[in-house]
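S.K.: Protein chains in written order, with this note's numbering: chain U, 1 to 290; chain L, 1001 to 1290.
Glycine included, each C-beta is placed from N, C-alpha and C at the ideal position.
(1) As a quick exercise: from 232(U), 64(U), 56(U), 104(U), pick the residue whose alpha carbon is nearest that of residue 92(U).
(2) Does residue 155(U) pass the burial test, meaning 16 or more other C-beta atoms within 10 Å, or should it be called exposed?
(3) Chain L beta carbons: is any one of them nearer than 7 Å to that of residue 224(U)?
(4) Residue 186(U) and residue 1205(L) look like a contact to me (Cβ under 8 Å); what is the Cβ gap, rounded to whole Å?
(5) How big is the Cα-Cα spacing for residue 96(U) and residue 118(U)?
(6) Any Cβ of chain U within less than 7 Å of the Cβ of residue 1261(L)?
(7) Shorter than 7 Å from the beta carbon of residue 1123(L) to some beta carbon of chain U?
(8) In three-state terms, what does DSSP make of residue 276(U)?
(9) Can we say the stretch 225-233 of chain U touches the stretch 53-72 of chain U, given the rule of at least three CB pairs closer than 8 Å?
(10) With 8 Å as the limit, tell me which residues of the stretch 1201-1215 of chain L have their beta carbon closer than that to any beta carbon of chain U; keep them in chain order.
(11) Check whether the Cβ of residue 1278(L) lies closer than 7 Å to any Cβ atom in chain U.
(12) Cβ of residue 169(U) within 7 Å of Cβ of residue 16(U)?
(13) What residues from chain L crowd round residue 182(U), counting only those whose CB sits closer than 7 Å?
(14) Closest to residue 104(U) by CA distance: which of 237(U), 267(U), 213(U) is it?
(15) At what residues does the alpha helix (DSSP H) containing residue 246(U) begin and finish?
(16) Got a sec? Which residues, its chain only, sit under 6 Å from residue 108(U) by beta carbon, not counting five neighbours each side?
(17) Quick one: give me the first and last residue of the alpha helix (DSSP H) that residue 1180(L) is part of.
(18) If we count the other Cβ atoms within 10 Å of its Cβ and call it buried at 16 or more, is residue 1235(L) buried or exposed?
(19) Determine, for residue 1285(L), whether the minimum Cβ-Cβ distance to residues of chain U falls below 7 Å.
(20) For residue 1237(L), which residues in chain U fall below 9 Å Cβ to Cβ?
(21) Can we say the stretch 168-182 of chain U touches the stretch 130-147 of chain U, given the rule of at least three CB pairs closer than 8 Å?
(22) Pull up the distance between the alpha-carbon of residue 1279(L) and that of residue 199(U), whole angstroms please.
(23) Using a beta-carbon distance cut-off of less than 9 Å, what residues from the stretch 1072-1092 of chain L approach chain U?
(24) Grab me the residues of residue 1110(L)'s own chain with a C-beta within less than 8 Å of its C-beta, minus the 5 sequence neighbours each way, in chain order.
(25) Between residue 193(U) and residue 215(U), what straight-line distance do the alpha-carbon atoms span, to the nearest angstrom?
(26) In or out: residue 1218(L) buried (at least 16 other Cβ within 10 Å) or exposed?
(27) Checking the sheet assignment: what are the DSSP bridge partners for residue 36(U)?
(28) State buried or exposed for residue 2(U), treating a residue as buried only when at least 16 other CB atoms are found within 10 Å of its CB.
(29) Out of 246(U), 210(U), 285(U), state which residue places its alpha-carbon closest to the alpha-carbon of residue 1221(L).
(30) Counting only beta-carbon separations shorter than 7 Å, does residue 249(U) have a partner in chain L?
(31) Chain L beta carbons: is any one of them nearer than 7 Å to that of residue 196(U)?
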């Protein structure tokens, strides 16, 4: 793979940012990767694991000379990072991100950067793990990465970000930011909130003096594994994509209400058919054990 | 391990019934295991895999001479199986089951059998897999198995069923059937229905002509894996434990409504704290990758 940029700065060297840095370095896509972040311990681990070449002391050190700056911090922290980097960055530096919400975030970044040089990106990969210790160079292999260019986006900037994600193994897809946000609200954001609610609903429940939680089997653990994700990430996503998330939750509630109405009516035939149809759809998705 | 019974009949040689039969045979707990079920192909597979010693042709053949009969069929099918076995079973044959609902089922079995010889049991183990092909001799190792004896239960019958489950590696616990059903409604039955609803809610949704489902990442797959379970099982469980399941769904809805209210209010501090608390509870449960 040929080198795409001489210097990439990654703000937030966690699961996603760290995996991108690691994969890009190993694939020879970047000359040097600078890591920047809040946790000195995490940055030290990233350096030790060879995820980054060097650690920046401050925003000026992180942004100086970078061809490409990737924001891999919680969605709610990205605008402030762009503000912090802007005075120190090259005029033609490309600014990208990895956030699970695109429309409001890309708007905020275009307002703070040369708009043509902003490219919104969202690799659909990850897990409930976090930190540089969880970074893997194969995290994005075969996963979709959605790019959401706007009318302002320069073709060269878009091409650079596309080549970066393709170079680490992702299947790159373009779509409008609003469509991305409506899709992710339904297939990711609302399900995460549902998983958190499943845990919250039973956390303190006792039956005849017995706590409920210790009886969790593998089914409950699977269904709620994503609730072990960093709360800060999902707080920011839920707030940044609020209207779409609430619409998705309304659709989920309608589906659940439908099941409950069949239980209340004792309608075994319709309940069985509804569950079987959903089961068949789920089996069609495959295990996703990866 | 010393032999507990000369002959055990298992009605329903799927994941749970098949795993019990396999583990009991390998541990030397039973002299002979007879398998009975609806699917000739599944029974043939059970015979080929050494899960059962022989396959019964009909209820009379299955019940004749059995010391212990274990019903490992969907909850809604168990009463009819008890009716079918009764005329052919020994007067002192112990009847047990593995159902995820206990009060209504144990009532139904005691009404059809010598009540002292009925022992309700529920091993909290399993997965979305099904059939004799999924049976494993270590499925119950370290998992809880709840027994729900009633005032009618004979100590010897209870002891036999306890020794069987302990012998295949389960941690045997006794509790009243009603408490079991209230606990399982919250930690298992309602979460299964939630997982089915998550799939049903997005199955047909399209955004700007794009289906939503292909964008499912590992989080959605984890959260909905249990919706790949056999629909028939969960239909029966939801109906047999209806009031407790509806109460559990009401508690879940209240938790979800609470999250949504914080999103609607844009209250990032409270939303973050609520998610963090649930996340901390979930991390305390461990991965449950088994």
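M.R.: Let me spell this out:
(1) Here residue 92(U) is taken as the residue at index 92 of the first chain, counted from 1. Answer by Cα proximity: 64(U).
(2) Indexing the first chain from 1 puts residue 155(U) at position 155. Residue 155(U) is exposed by the Cβ-count criterion.
(3) If you number the first chain from 1, residue 224(U) lands on position 224. Cβ-Cβ to chain L under 7 Å: yes for residue 224(U).
(4) Stepping through the first chain from its first residue, residue 186(U) is reached at position 186. Stepping through the second chain from its first residue, residue 1205(L) is reached at position 205. Indeed, because the Cβ distance is near 6 Å, the residues count as touching under 8 Å.
(5) Within the first chain, residue 96(U) is the residue found at index 96, counting from 1. Within the first chain, residue 118(U) is the residue found at index 118, counting from 1. Spanning the two alpha carbons is a distance of roughly 6 Å.
(6) Position 261 of the second chain, counted from the first residue, corresponds to residue 1261(L). For residue 1261(L), the answer is no, since every Cβ of chain U falls outside 7 Å of its Cβ.
(7) The residue labelled residue 1123(L) in the question sits at position 123 within the second chain. By this cut-off, residue 1123(L) is not an interface position.
(8) Within the first chain, the letter at position 276 stands for residue 276(U). Helix.
(9) no
(10) 1201, 1202, 1203, 1205, 1207, 1208, 1210, 1212, 1213, 1215
(11) Walking along the second chain from the start, residue 1278(L) turns up at place 278. Yes, contact with chain U.
(12) Within the first chain, numbered from 1, the residue matching residue 169(U) stands at position 169. Within the first chain, numbered from 1, the residue matching residue 16(U) stands at position 16. Contact: no.
(13) Walking along the first chain from the start, residue 182(U) turns up at place 182. Residues of chain L passing the Cβ test: 1207.
(14) If you number the first chain from 1, residue 104(U) lands on position 104. That would be 237(U), whose Cα lies nearest to the Cα of residue 104(U).
(15) Translated into the one-based positions of the first chain, residue 246(U) becomes position 246. Element bounds for residue 246(U): 242-264.
(16) In the first chain, residue 108(U) corresponds to position 108, counting from 1. The residues are 79.
(17) Here the question's residue 1180(L) lines up with position 180 in the second chain. Residue 1180(L) -> alpha helix (DSSP H) spans 1177-1184.
(18) As a working mapping, residue 1235(L) is identified with position 235 in the second chain. Buried: at least 16 other Cβ atoms inside 10 Å.
(19) One-based indexing of the second chain puts residue 1285(L) at position 285. Residue 1285(L) counts as touching chain U.
(20) By one-based count along the second chain, residue 1237(L) stands at place 237. What residue 1237(L) touches in chain U: nothing, since even the nearest Cβ is about 10 Å away.
(21) yes
(22) Against the second chain, residue 1279(L) aligns to sequence position 279. Against the first chain, residue 199(U) aligns to sequence position 199. Answer to the nearest angstrom: the Cα atoms are 8 Å apart.
(23) 1076
(24) On the second chain, position 110 is the one that residue 1110(L) refers to. The residues are 1118, 1150, 1152.
(25) Your numbering for residue 193(U) matches position 193 in the first chain. Your numbering for residue 215(U) matches position 215 in the first chain. Each residue's Cα considered, the two are about 22 Å apart.
(26) Numbered from 1 along the second chain, position 218 holds the residue referred to as residue 1218(L). Residue 1218(L) comes out buried.
(27) Along the first chain, one-based indexing puts residue 36(U) at 36. Beta-bridge pairing links residue 36(U) to 11(U).
(28) Position 2 of the first chain holds residue 2(U). When all chains shown are included, residue 2(U) counts as exposed.
(29) Counting from 1 along the second chain, the entry for residue 1221(L) is found at position 221. Here the closest residue by C-alpha is 285(U).
(30) Numbered from its first residue, the first chain carries residue 249(U) at position 249. So yes, residue 249(U) belongs to the interface.
(31) Along the first chain, one-based indexing puts residue 196(U) at 196. With 7 Å as the cut-off, residue 196(U) counts as an interface residue toward chain L.
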